[in-house]
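*Asks:* Got a structure for you, written out below as structure tokens; questions coming shortly.
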Amino acid sequence: MEAANAIKLDAVIFGGGVAGLWLLDELVRQGYSCVLLESAGLGQGQTIVSQGIIHGGLKYTLDGLLNRSAEAIREMPRVWRECLAGDRQPVLTRTRVLSEFCYLWRTSTLASLAGMVGARVGLRTRPQRIAPAERPAVLADCPGDVFRIDEPVLDPASLLQELADRHAQRLWRYQDHDGIEFVSPHAGRVAALRIQPLLSGGGASVGEVVRLEPAHVILTAGGGNEALARRCGVTTAPMQRRPLHMVMVRGDLPALWGHCTDGARTRVTITSAAAGSQNVWQVGGQLAEDGVRMEAPQLLAHARRELQATLPGAKLDRCAWATYRVDRAEPRTAGGMRPSEAWCQRQGNVIVAWPTKLALAPRLAQRVLDLLEPPAGLDAPLPPWPAPPVAPLPWAQEQRWYTDV
Ligand code: FAD
Numbered sequence: 022m023e024a025a026n027a028i029k030l031d032a033v034i035f036g037g038g039v040a041g042l043w044l045l046d047e048l049v050r051q052g053y054s055c056v057l058l059e060s061a062g063l064g065q066g067q068t069i070v071s072q073g074i075i076h077g078g079l080k081y082t083l084d085g086l087l088n089r090s091a092e093a094i095r096e097m098p099r100v101w102r103e104c105l106a107g108d109r110q111p112v113l114t115r116t117r118v119l120s121e122f123c124y125l126w127r128t129s130t131l132a133s134l135a136g137m138v139g140a141r142v143g144l145r146t147r148p149q150r151i152a153p154a155e156r157p158a159v160l161a162d163c164p165g166d167v168f169r170i171d172e173p174v175l176d177p178a179s180l181l182q183e184l185a186d187r188h189a190q191r192l193w194r195y196q197d198h199d200g201i202e203f204v205s206p207h208a209g210r211v212a213a214l215r216i217q218p219l220l221s222g223g224g225a226s227v228g229e230v231v232r233l234e235p236a237h238v239i240l241t242a243g244g245g246n247e248a249l250a251r252r253c254g255v256t257t258a259p260m261q262r263r264p265l266h267m268v269m270v271r272g273d274l275p276a277l278w279g280h281c282t283d284g285a286r287t288r289v290t291i292t293s294a295a296a297g298s299q300n301v302w303q304v305g306g307q308l309a310e311d312g313v314r315m316e317a318p319q320l321l322a323h324a325r326r327e328l329q330a331t332l333p334g335a336k337l338d339r340c341a342w343a344t345y346r347v348d349r350a351e352p353r354t355a356g357g358m359r360p361s362e363a364w365c366q367r368q369g370n371v372i373v374a375w376p377t378k379l380a381l382a383p384r385l386a387q388r389v390l391d392l393l394e395p396p397a398g399l400d401a402p403l404p405p406w407p408a409p410p411v412a413p414l415p416w417a418q419e420q421r422w423y424t425d426v
């Protein structure tokens, strides 16, 4: 690949999910000259299919212990709320807040009751018990108390769009594999990149090859990090994938955001979004972990039983049901456990980074920043290439919807 011209940069970021876009915003504000390279739609992979909950640590405190995961994440609702209000960078006043809080309720088992106690110990803001008369109708028949917890829920598409709009001229789309060449990569030291931009979707039109000479290469490509790290000669950042099989239910459903706990587990986590005149529930939690071993029809039958058990008041007739599979991409841990923190590591001039949670994107950006040399004061003009679009939401993607569940 021959390049017509060369551009010196402080950093090239690979991958425009929440991690890459948040980091790009942070670095640009700190005076770094950067571009972000994206091989598909922004957030394709995890961010666009995520449930958008800014966790305060509930899932990690259900066993009653304030563990490392809970400590790392418990400040996040406050940090994000400040951004959403425009009181902190990055300003996220155009990001849609779908709900200001999540509900927390339980099934009637004893273990379920114990989990609620744990939640009260570990969260930064105590769950607020709500009076029976204030419960939403769909939670009216649930046993035990219903709580409100300080976990805002965001629309991930508007979050990605707001961050992308701010840096559109720094976002380039390229074709993975053939559209890029890493120049003399060795043990995490990359001298340069030759990249051919995509000027339209589907690879119909490509631009002139450009040589990028970045001081740092930062990989925030989620599941794409593994292959990219290999191409950079990085040997110190092994990845693990933890699969989920998520459920979607579309119909005349009330909007609901929250978790039904059962002991130290969230049996279901439900988030809602409008899809035309109807609502779609995205259902995760233990259901989606267990669903990995099931085909869609079996999982949907199980999901219907689980929703009836955890939400006795829900009217699920005449709904359409679908599933999607997705892997959480993370640093490898002993025994394949969930990592407790946002994670990044540097080898040579390459940094591999995973937020491990959408909510932890601010912490990841700070940690990456700590690994960088100061900006070199570069200000090269950038070619005016079109920015990649935000990836489609899961219910807008091609799916088989079942009505006979
Ligand atoms: P991704 O969102 O996967 O983005 C990676 C980007 O890199 C994509 O744009 C992709 O197209 C691009 N890319 C891939 N390969 C290449 C390449 N070779 N070159 C260039 N670009 C490339 N966390 C929460 O805090 N709250 C939640 O409610 C929540 N719900 C979740 C629900 C589900 C079903 C899943 C799977 C995860 C959920 N998470 C949640 C976790 C959260 O979504 C992820 O931790 C976070 O979105 C990861 O962001 P990312 O930017 O690292 O990766």
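Mind the numbering: the sequence shown is residues 22 to 426 in this note's numbering, read in order. For every residue, glycine included, the Cβ atom is placed at its ideal position computed from N, Cα and C.
Can you say whether S60 is buried or exposed, counting buried as having 16 or more other CB atoms within 10 angstroms of its CB?
*Replies:* When all chains shown are included, S60 counts as buried.
*Asks:* CB P98 to CB G73, shorter than 8 Å?
*Replies:* No, the Cβ-Cβ distance between P98 and G73 is not below 8 Å.
*Asks:* Mind checking L392: buried by the 16 CB within 10 Å criterion, or exposed?
*Replies:* That one is exposed.
*Asks:* Assuming E310 is part of the beta strand (DSSP E), what are its boundary residues?
*Replies:* Note, E310: premise wrong, no beta strand (DSSP E); alpha helix (DSSP H) at 307-311.
*Asks:* Which partner residues of V159 appear in the DSSP bridge assignment?
*Replies:* Answer is none; V159 lacks a bridge partner.
*Asks:* Please find out if some non-hydrogen atom of the ligand FAD comes closer than 7 Å to the beta-carbon of T68.
*Replies:* Flag set: Cβ of T68 near the ligand FAD.
*Asks:* Going by beta carbon distance, what residues of the same chain come within less than 6 Å of A429, once the five residues before and after it are set aside?
*Replies:* This structure leaves residue 429 out entirely; the chain is present only between 22 and 426.
*Asks:* From which residue to which residue does the beta strand (DSSP E) around P264 run?
*Replies:* First-last of the beta strand (DSSP E) with P264: 260-272.
*Asks:* Applying the 10 Å Cβ sphere with the 16-neighbour rule, what's the burial state of A382?
*Replies:* Buried, since its Cβ has 16 or more Cβ neighbours within 10 Å.
*Asks:* Could you say if the segment 267-276 and the segment 233-240 meet the contact criterion of at least three C-beta pairs nearer than 8 Å?
*Replies:* The segment 267-276 vs the segment 233-240: no contact.
*Asks:* I need the straight-line Cα distance from Q307 to P218, nearest angstrom please.
*Replies:* About 41 Å.
*Asks:* Just to confirm before moving on: does the CB-CB distance between Q110 and P396 stay below 8 Å?
*Replies:* No, they are not a contact pair.
*Asks:* Have a look at G14 and W43 and give me their C-alpha separation to the nearest angstrom.
*Replies:* Look at the range of the chain in this structure, 22 to 426, and you will see that residue 14 is not part of it.
*Asks:* Assign S293 to one of three DSSP states: helix, strand, or coil.
*Replies:* Residue state, collapsed to three classes: strand.
*Asks:* Can you tell me the Cα-Cα spacing of Q418 and S179, whole angstroms?
*Replies:* Rounded to whole angstroms, Q418 to S179 spans 17 Å at the Cα level.
*Asks:* Relative to the C-alpha of L337, which candidate in D283, D425, A386, P318 has its C-alpha closest?
*Replies:* Closest option to L337, Cα to Cα, is D425.
*Asks:* Over the uninterrupted alpha helix (DSSP H) stretch that includes C365, give me the two end residues.
*Replies:* Segment 364-368 is the beta strand (DSSP E) holding C365; no alpha helix (DSSP H) there.
*Asks:* Following a CB-centred definition, is Q72 positioned closer than 7 Å to any heavy atom of the ligand FAD?
*Replies:* Q72 Cβ: within cutoff of the ligand FAD.
*Asks:* Can you tell me where the beta strand (DSSP E) with D46 in it begins and where it stops?
*Replies:* First-last for D46: 39-50, but that is the alpha helix (DSSP H), not the beta strand (DSSP E).
*Asks:* Would you kindly work out how many angstroms separate the C-alpha atoms of P428 and L30, rounded to a whole number?
*Replies:* Coverage of the chain is limited to positions 22 through 426, which leaves residue 428 absent and any answer about it impossible.
*Asks:* Given this structure, state the Cα-to-Cα distance separating S226 from R325, to the nearest angstrom.
*Replies:* Their Cα atoms are separated by approximately 46 Å.
*Asks:* Taking the C-alpha atoms as reference points, what is the distance between R102 and E172?
*Replies:* Between R102 and E172, the C-alpha separation is close to 10 Å.
*Asks:* Return the chain-ordered list of same chain residues with a C-beta closer than 6 Å to the C-beta of R232, the five sequence neighbours on each side being excluded.
*Replies:* Answer for R232: A24, A27, A213, R215, listed in chain order.
*Asks:* Any contact between the segment 407-414 and the segment 62-72? By contact I mean 3 or more CB pairs, one from each, below 8 Å.
*Replies:* In short, these stretches touch, since the Cβ pair count reaches three.
*Asks:* Under the rule that 16 or more other beta-carbon atoms within 10 Å means buried, what is Q182, buried or exposed?
*Replies:* Looking at its Cβ environment, which holds 16 or more other Cβ atoms inside 10 Å, Q182 is buried.
*Asks:* Hey, quick one: how far does the alpha helix (DSSP H) through H237 stretch, first residue to last?
*Replies:* That residue, H237, is in no alpha helix (DSSP H); its beta strand (DSSP E) goes 231-240.
*Asks:* What separation, rounded to the nearest whole angstrom, lies between the Cα atoms of G160 and C340?
*Replies:* Looking at the sequence itself, residue 160 is Leu, so the reference to Gly does not match. Taking the straight line from one Cα to the other gives about 19 Å.
*Asks:* Among P318, Q319, T377, T287, which has the Cα closest to the Cα of V304?
*Replies:* With distances taken between Cα atoms, V304 lies closest to T287.
*Asks:* For the alpha helix (DSSP H) that L249 lies in, which residues bound it at each end?
*Replies:* That run of the alpha helix (DSSP H) goes 246-252.
*Asks:* Identify every run of the beta strand (DSSP E) within the segment 343-420, keeping only runs that are complete inside it and at least 3 residues long; order them along the chain.
*Replies:* Listed in chain order, they are 364-368, 371-375.
*Asks:* Sorry if obvious, but does the Cβ on V167 come closer than 7 Å to a heavy atom of the ligand FAD?
*Replies:* No.
*Asks:* Between R263 and the rest of its own chain, which residues show a CB-CB distance below 8 Å, the 5 nearest in sequence each way excluded?
*Replies:* Answer for R263: D348, R349, E351, G357, R359, listed in chain order.
*Asks:* Whole-angstrom Cβ separation of V301 and V270, contact assumed at under 8 Å?
*Replies:* About 7 Å separates the two Cβ atoms, so the contact holds.
*Asks:* What are the boundary residues of the alpha helix (DSSP H) that includes S179?
*Replies:* Segment 177-187, the alpha helix (DSSP H) holding S179.
*Asks:* May I have the straight-line CA-CA distance separating A401 from R191, to the nearest angstrom?
*Replies:* Using only the alpha carbons, I get a separation of about 12 Å.
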